[in-house]
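Engineer:
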Amino acid sequence: MRLARSRRTAAVIAAAAVITPALLMPATASAEPAADAPSSQQELPIPDAAHAPKVEPEVLESLGALTPALIGSAATRDSDGKVNTDLLAQVRKLADNPAVPVEAQDVWRSLVDFLGEPGAKEAAKTLSLDATPAAEKKKSDAPDIPTGPNKPRIQQFLYPTIGLGCMPGGGNSVGMALATAGPQAAPAPGPKRGQAGYVYTSLGTGPAVKSGQKLFVTWLNIDNGRTGQQALLPNPKINAVKGPGTFTGIANTGRGRVVSTIYGTVTTKTKGKTVSCMIAPTIGTAII
């Protein structure tokens, strides 16, 4: 899928400069690998370019205009040490404005719920379930994320994004991001308990290659106050031969609700050419 460049989309990329300080306090170090990676390639539920979701520049523009302030409300607590509920209420009201794209409305409502009481209850339920012996668990109590004997348990980012000029000739690429909560094997070599695994994929491109221009994830655990930033790198166990370009990392977030932003530059070997391109920031929420 290709999307035309636009000034509005470029403005969304500039919003990363606002989003990042809202999340970033003294950065923590990246996590150590949990174990040696298996020799086989690891598969993740990532769509191919032919089935990429549609991305509208107007939606990215709307999200870039308000989301930094919303995330900032999570980093700046009120006198009781809680998320600014007044701002959450204002954002929820704005999300009902018919002039706002429906996709942006859905993201804002999801963020408000995650940062507020509904998210706190869901996190408590998930963490409580994790602490329950397997023999006592009920199938109906399982967290609402994909499960299976050999399938990674993933939590998709709130919306897909685009990489400007990621294809030879200047075409754009749809970007998909997800998070995984340890302990599990994906992304290789696997996050431990209390760690988050991140995966960003640039659909339609060739394999990821190392570059001085980096793709970053910045994250904030709103329950324990921990925050950090690190580069996402090519992974030799995921889409390393044919692509699409996939970048991963593991972060020491600790348990709780984590809000993350992925932004920066991806570099791939696509159709025999090394291509570097900047992506519009995308935001994810995950219970770790």
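FYI, the numbering for the sequence shown is -31 to -1, 1 to 257, going by mature numbering (1 follows the signal peptide of the UniProt record, and there is no 0).
Glycine residues also receive a C-beta, built at the ideal position from the N, C-alpha and C atoms.
1) Please report the distance separating the alpha-carbon of G166 from that of I131.
2) With DSSP as the reference, identify every bridge partner of C246, one or two as the case may be.
3) Taking C-alpha atoms, which residue in P70, E72, W77 and N193 lies nearest to L57?
4) With DSSP run on the structure shown, which of helix, strand or coil describes residue 260?
5) Since Q59 is in the alpha helix (DSSP H), which residue starts that stretch and which ends it?
6) What span of residues does the alpha helix (DSSP H) with Q74 cover, start to end?
7) Thinking just about the alpha-carbon of each residue, which of G218, L201 and T234 is nearest to the one in P158?
8) For A148 and A220, what's the separation of their Cα atoms in angstroms?
9) Please name the residue in G241, R162 and D192 whose C-alpha comes closest to that of F83.
10) Should the segment 132 to 139 be regarded as contacting the segment 195 to 204, the criterion being three or more beta carbon pairs within less than 8 Å?
11) Going by Cα to Cα distance, which pick from G163, L202, W188 and A255 is closest to K179?
12) Give the DSSP bridge partners of I257, in chain order.
13) The beta strand (DSSP E) that contains M145, what's its start and end?
14) Quickly, what does DSSP pair Q124 with across the bridge? List them, please.
15) Cα separation between H20 and S229?
16) Opposite V24 in the DSSP bridges: which residues?
17) Assign A68 to one of three DSSP states: helix, strand, or coil.
18) Let me confirm a value: A3 is counted as buried when at least 16 other C-beta atoms fall within 10 Å, else exposed. Which label applies?
19) At which residues does the beta strand (DSSP E) containing G132 begin and terminate?
20) When DSSP labels each residue in this structure, what does S171 get in the three-state scheme?
21) What are the partner residues of T95, as DSSP defines its beta bridges?
Structural biologist: This is what the structure holds:
1) Between the C-alpha atoms of G166 and I131 there is a straight-line separation of about 21 Å.
2) Per DSSP, V235.
3) Across the set P70, E72, W77 and N193, the C-alpha of W77 shows the shortest separation from the C-alpha of L57.
4) Any answer about residue 260 is impossible in this case: the structure gives the chain only from -31 up to 257.
5) In the DSSP assignment, Q59 falls within the alpha helix (DSSP H) that extends over T54 to L63.
6) Counted as a single uninterrupted DSSP element, the alpha helix (DSSP H) harbouring Q74 occupies residues V71 to L84.
7) Out of G218, L201 and T234, G218 has the C-alpha closest to the C-alpha of P158.
8) Roughly 10 Å between the two C-alpha positions.
9) Of the candidates G241, R162 and D192, the residue whose Cα lies closest to the Cα of F83 is D192.
10) No, they do not touch.
11) Residue L202 is the option with its Cα nearest to K179.
12) Bridge partners of I257: none, in fact.
13) Under the DSSP assignment, M145 falls in the beta strand (DSSP E) whose first and last residues are S142 to A150.
14) Answer is A148, bridged to Q124.
15) Taking the straight line joining both Cα atoms gives about 25 Å.
16) For V24, which the question treats as bridged, DSSP gives no partner whatsoever.
17) Coil.
18) With a pLDDT of 44 at A3, under the threshold of 50, the predicted position of this residue should be treated as unreliable, and no value is reported.
19) From DSSP, the beta strand (DSSP E) with G132 extends over T130 to L133.
20) In this structure, S171 counts as strand in the three-state DSSP scheme.
21) Looking at the DSSP assignment, T95 forms no beta bridge with any residue, so it has no partner.
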